[in-house]
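For the protein sequence lines, the chains are A and B, in the order given. Heads up: the first sequence begins at 1 in the working numbering, then just goes up one per residue. Heads up: the second sequence begins at 1001 in the working numbering, then just goes up one per residue. The beta carbon of each residue, even a glycine, is placed where N, CA and C say it ideally should be. Note that the structure is a prediction, hence the values are computed from the model and not measured. The next block holds one structure in the form of structure tokens; read it before the comments.
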Amino acid sequence: MQPIWQRRTRGSDLVIWLGYLLGIALFIFCMQMISVNTEWFFVLDAPRVAADLADRMTPPRWEYGQELFRPLWDTLNIATLGTVFAVIIATPIAFLAARNTTPSRRFVRPIALLIIVSSRSINSLIWGLLLVTIIGPGVLAGICAITLRSIGFVAKLIYEAIEEIDESQVEAIEATGGSAAQVISYGIWPQILPAFAGVTVFRWDINIRESTVLGLVGAGGIGLQLQASINIVAWQQVSLILLVILATVVVSEWISARVRHAII
Amino acid sequence: MSGPEFVATRWRPPSLIESRSSRWFIGIAVALYLVVAASSIDVNWTRVAEGIARGGSFFIAFTNPDFTTHSRDIFSGLYESLTMSFAATFIGVLISIPVGLGAARNIAIKPVYYFCRTIITVARSLQEIILAIIFVAMFGFGPFAGLVTLSFATVGFFAKLLAEDIEAMDPVQAEGIKATGASWLQWINYGVQPQVMPRVIGLSLYRLDINFRESAVIGIVGGGGIGATLNTAFDRYEFDTAAAILIIIILIVMVAEYSSGFVRQAVK
């Protein structure tokens, strides 16, 4: 009898099927859990509600647009100033976290990494929620939320760039008798500059996107108008705000793509 | 010959923007913007000063988080978040596979390609929180709206990266399978799938991690999960409970990040 070619042995086939089976079983369990906590009447009614919602959203109330300029300016400021502060704080943290520049691998590096992970794992809306209760609603809370959220992201990408540098350049500066500051500014900094600029612009783009919704928790920007319009069920205003947010996001994405293309 | 000229000019490291005049122009424009932006923000400093004291109590709460008082709410919120993010990842990946295949330029025919790319662009352009608002309005409060939101967002993320991976695969292997006279399904299964599988698993785990983090947010607008518990804790100024929830979120994300690196290594 001629043997038939098979990709895997029977044992590894079995393990893979078991994995699929477990995944599907877990999925069914999760769905059951969700369906218990769901009012199915509302879900079944959704197509009618959606049609009704679409009907109420059109046409957008264009006159309302005049009141959106100021919130839009605030949104832009939250994203930009937040990014600036985040970059200023993240750069030293990145140098402390990178294996080749950290002063102490055992003590300083874990602390820097912990800061990075905590900042990254908490969404900017949660930071916003926190800061609004602490320093009160407004643009300042938004800026701080964006800053705290971006530190981890920026620091992580910069420290990865620092770890990938060409060490021979650093050695060359050290060989001329350069001080630590000179090594950083002539040996390391020029090498990470493109990555640094790229990360900053990339994060700015993400921050524009995030700052448009920060107002939902009271942290300033166009999200405040969104929340207010939803609260008074003014769906025609909501649809206009959503269009404005979409346009802002598209424009910021275009700008960031152009700038990154120019520097990298 | 040209020695003295070199001595006279001081060497500077190369700058990011080459032209000197545009460097100055950009510098001044940035400075001007920062001044205008900073002055347009009105801050209620007395409120901030009051808040700093409260902020201090929050940081103290972090050293002494309260896991016990509302342990029931925390547990059920967490449970809901985890089930929601797993189910959403499952559904999202399942939908993403055909969409991703259709959005790969080297596999799909032109009309299918444009159709699938449109789906991806639409799914990516709306943020999770805005989707959640719309879906909560449609499906009512609770985890179902969150499930739909996360599934939708997963499709945009996963299908795009899957399509990019398929476009970057080695065409020789796929051609080899095709040359044996394989059907379309066999071609995908033996020529394409083995090449992209490690990345599919890695991305699924990464997306599971993202979905869990996002589920903490969509609860704020009524999408169910731990976010609702967190929002309530903040509204009631129960910082010790909020700190406990945040610590749990950070820990779970750390565990997920660590173990996903482990699994990815094993799959490779």
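Next item on the list: Tell me whether the beta-carbon of threonine 1149(B) lies closer than 8 Å to the beta-carbon of cysteine 30(A).
Entry: Here residue 1149(B) refers to the residue found at position 149 of the second sequence. Here residue 30(A) refers to the residue found at position 30 of the first sequence. No, they are not a contact pair.
Checklist line | Partner residues on chain A for glutamine 1127(B), Cβ-Cβ distance less than 9 Å | finding: Taking the second sequence and counting its residues from 1, the one referred to as residue 1127(B) is at position 127. Simply Arg209, Glu210, Thr212, Val213, Ile245, Val249.
Check: At a Cβ cut of 8 Å, what residues of the segment 1069–1080 of chain B count as close to chain A, listed as they run along the chain?
Finding: Tyr1079, Glu1080
Checklist line | methionine 1169(B) - DSSP class collapsed to helix/strand/coil | finding: Taking the second sequence and counting its residues from 1, the one referred to as residue 1169(B) is at position 169. Methionine 1169(B): coil per DSSP, three-state reduction.
Check: From glutamine 236(A) to tyrosine 64(A), what does the alpha carbon distance come to, in whole angstroms?
Finding: If you number the first sequence from 1, residue 236(A) lands on position 236. If you number the first sequence from 1, residue 64(A) lands on position 64. Distance between the alpha carbons of glutamine 236(A) and tyrosine 64(A): 9 Å.
Notebook entry, point to check: Count the other CB atoms within 10 Å of the CB of asparagine 77(A); is the residue buried (16 or more) or exposed (fewer)?
Noted result: Taking the first residue of the first sequence as 1, we reach residue 77(A) at position 77. Its Cβ being crowded by 16 or more others within 10 Å, asparagine 77(A) is buried.
Next item on the list: In the DSSP assignment, find the alpha helix (DSSP H) that holds tyrosine 64(A) and state where it starts and stops.
Entry: Numbered from its first residue, the first sequence carries residue 64(A) at position 64. Careful: tyrosine 64(A) lies outside any alpha helix (DSSP H) and carries neither H nor E.
Next item on the list: Anything in chain A within Cβ reach of threonine 1083(B), meaning under 7 Å, just list it in chain order.
Entry: On the second sequence, position 83 is the one that residue 1083(B) refers to. Correct list: Cys30, Met33, Ile34.
Item checked: Under 8 Å from the C-beta of phenylalanine 107(A): neighbouring residues of chain B -> Taking the first residue of the first sequence as 1, we reach residue 107(A) at position 107. Neighbours of phenylalanine 107(A) on chain B: none; closest Cβ ~19 Å, over 8 Å.
Notebook entry, point to check: Closest Cβ-Cβ distance between serine 1259(B) and chain A: below 8 Å?
Noted result: On the second sequence, position 259 is the one that residue 1259(B) refers to. False, the Cβ-Cβ gap to chain A never drops below 8 Å.
Checklist line | For proline 71(A) and isoleucine 222(A), believed in contact at Cβ under 8 Å, the rounded distance | finding: What you label residue 222(A) is simply residue 222 of the first sequence in a count that begins at 1. What you label residue 71(A) is simply residue 71 of the first sequence in a count that begins at 1. Sure, about 4 Å apart at Cβ, within 8 Å.
Notebook entry, point to check: Going along chain B in order, which residues have a C-beta closer than 7 Å to the C-beta of threonine 38(A)?
Noted result: As a first step, residue 38(A) is located in the first sequence; it is residue number 38 there, counting from the start. Within chain B, the C-beta atoms nearer than 7 Å to that of threonine 38(A) come from Gly1142, Pro1143, Phe1144, in chain order.
Notebook entry, point to check: serine 1183(B) lies in the alpha helix (DSSP H); which residues open and close that run?
Noted result: Locating residue 1183(B) in the second sequence gives position 183, where the first residue counts as 1. Counting along the chain, serine 1183(B) falls outside any alpha helix (DSSP H), and DSSP gives it neither H nor E.
Next item on the list: For methionine 1001(B), collect the residues of the same chain with a Cβ closer than 8 Å to its Cβ; drop the 5 residues on either side in sequence, then sort them by chain order.
Entry: In the second sequence, the residue the question calls residue 1001(B) occupies position 1. Any reading at methionine 1001(B) is ruled out, since the residue's pLDDT is 46, under 50, leaving its predicted position unreliable.
Notebook entry, point to check: For serine 35(A), does the three-state DSSP call read helix, strand or coil?
Noted result: Within the first sequence, numbered from 1, the residue matching residue 35(A) stands at position 35. Serine 35(A) falls in the helix class under three-state DSSP.
Note to self: Please report the distance separating the alpha-carbon of leucine 1126(B) from that of leucine 246(A).
What the structure shows: Position 126 of the second sequence holds residue 1126(B). Position 246 of the first sequence holds residue 246(A). Leucine 1126(B) and leucine 246(A) have their C-alpha atoms spaced approximately 7 Å apart.
Notebook entry, point to check: Which of the three DSSP states, helix, strand or coil, is assigned to glutamate 1050(B)?
Noted result: Indexing the second sequence from 1 puts residue 1050(B) at position 50. If DSSP states are grouped into helix, strand and coil, glutamate 1050(B) belongs with the helices.
Next item on the list: Under 7 Å between beta-carbons, which chain B residues line up against glycine 136(A)? List them in chain order, please.
Entry: If you number the first sequence from 1, residue 136(A) lands on position 136. By Cβ distance, chain B contributes Asn1044, Arg1047, Val1048, Gly1051.
Next item on the list: Could you list which residues in chain B have their beta carbon closer than 7 Å to that of alanine 46(A), in chain order?
Entry: Counting from one through the first sequence, the residue named residue 46(A) turns up at place 46. The contacting residues are Met1138, Phe1139.
Notebook entry, point to check: Within 8 Å (strictly less), CB to CB, does leucine 242(A) reach chain B?
Noted result: In the first sequence, residue 242(A) corresponds to position 242, counting from 1. Output row for leucine 242(A): interface = yes.
Margin query: Just to confirm the assignment, what range does the alpha helix (DSSP H) spanning glutamate 163(A) have?
Written below: Along the first sequence, read from residue 1 onward, the residue named residue 163(A) stands at position 163. That run of the alpha helix (DSSP H) goes 139–163.
Notebook entry, point to check: To the nearest angstrom, how far is it from the Cα of histidine 261(A) to the Cα of phenylalanine 1234(B)?
Noted result: The residue given as residue 261(A) occupies position 261 in the first sequence. The residue given as residue 1234(B) occupies position 234 in the second sequence. One Cα belongs to histidine 261(A), the other to phenylalanine 1234(B), and the distance between them is close to 42 Å.
Margin query: Taking only three categories from DSSP, how would you classify tryptophan 5(A)?
Written below: Within the first sequence, numbered from 1, the residue matching residue 5(A) stands at position 5. If DSSP states are grouped into helix, strand and coil, tryptophan 5(A) belongs with coil.
Margin query: Is there a C-beta anywhere in chain A that falls below 8 Å from the one on glycine 1055(B)?
Written below: For the purposes of this step, residue 1055(B) is identified with residue 55 of the second sequence, where counting begins at 1. True, the Cβ-Cβ gap to chain A drops below 8 Å.
Notebook entry, point to check: What separation, rounded to the nearest whole angstrom, lies between the Cα atoms of glycine 1224(B) and phenylalanine 1157(B)?
Noted result: Position 224 of the second sequence, counting from 1, holds the residue named residue 1224(B). Position 157 of the second sequence, counting from 1, holds the residue named residue 1157(B). Taking the straight line joining both Cα atoms gives about 22 Å.
Notebook entry, point to check: For the putative contact between valine 132(A) and glycine 218(A), defined by C-beta atoms under 8 Å, what is the C-beta separation to the nearest angstrom?
Noted result: What you label residue 132(A) is simply residue 132 of the first sequence in a count that begins at 1. What you label residue 218(A) is simply residue 218 of the first sequence in a count that begins at 1. Between glycine 218(A) and valine 132(A) the Cβ distance is about 5 Å, and since that is below 8 Å, they are a contact.
Margin query: Given a cut-off of 8 Å on the beta-carbon distance, is the pair threonine 80(A) and alanine 1037(B) in contact?
Written below: Position 80 of the first sequence, counting from 1, holds the residue named residue 80(A). Position 37 of the second sequence, counting from 1, holds the residue named residue 1037(B). Yes. Within cutoff.
Check: Do we get a CB-CB distance below 8 Å when we pair alanine 50(A) with the residues of chain B?
Finding: Taking the first residue of the first sequence as position 1, residue 50(A) is located at position 50. Yes - at least one Cβ of chain B is within 8 Å of the one on alanine 50(A).
Notebook entry, point to check: Listing by chain order, which chain A residues have their CB less than 8 Å from the CB of arginine 1236(B)?
Noted result: Taking the second sequence and counting its residues from 1, one reaches residue 1236(B) at position 236. The premise fails here: arginine 1236(B) is roughly 10 Å from chain A at the closest Cβ pair, so nothing lies under 8 Å.
Note to self: Using a Cβ-Cβ cutoff of less than 7 Å, which residues in the same chain neighbour glutamine 1193(B) once the five nearest sequence positions on both sides are dropped?
What the structure shows: Here residue 1193(B) refers to the residue found at position 193 when the second sequence is read from its first residue. Once the five neighbours on either side are set aside, glutamine 1193(B) has no close Cβ partner at all.
Checklist line | proline 110(A) in three-state terms, based on DSSP | finding: Here residue 110(A) refers to the residue found at position 110 of the first sequence. Residue state, collapsed to three classes: helix.
Note to self: I'd like the span of the alpha helix (DSSP H) that includes proline 1194(B), first residue to last.
What the structure shows: As a working mapping, residue 1194(B) is identified with position 194 in the second sequence. 1193–1218 is the extent of the alpha helix (DSSP H) around proline 1194(B).
Note to self: Let me see if you follow: with CB-CB separation under 8 Å, is phenylalanine 1086(B) close to chain A or not?
What the structure shows: Sequence index remark: in the second sequence, residue 1086(B) carries index 86 (1-based). Yes - at least one Cβ of chain A is within 8 Å of the one on phenylalanine 1086(B).
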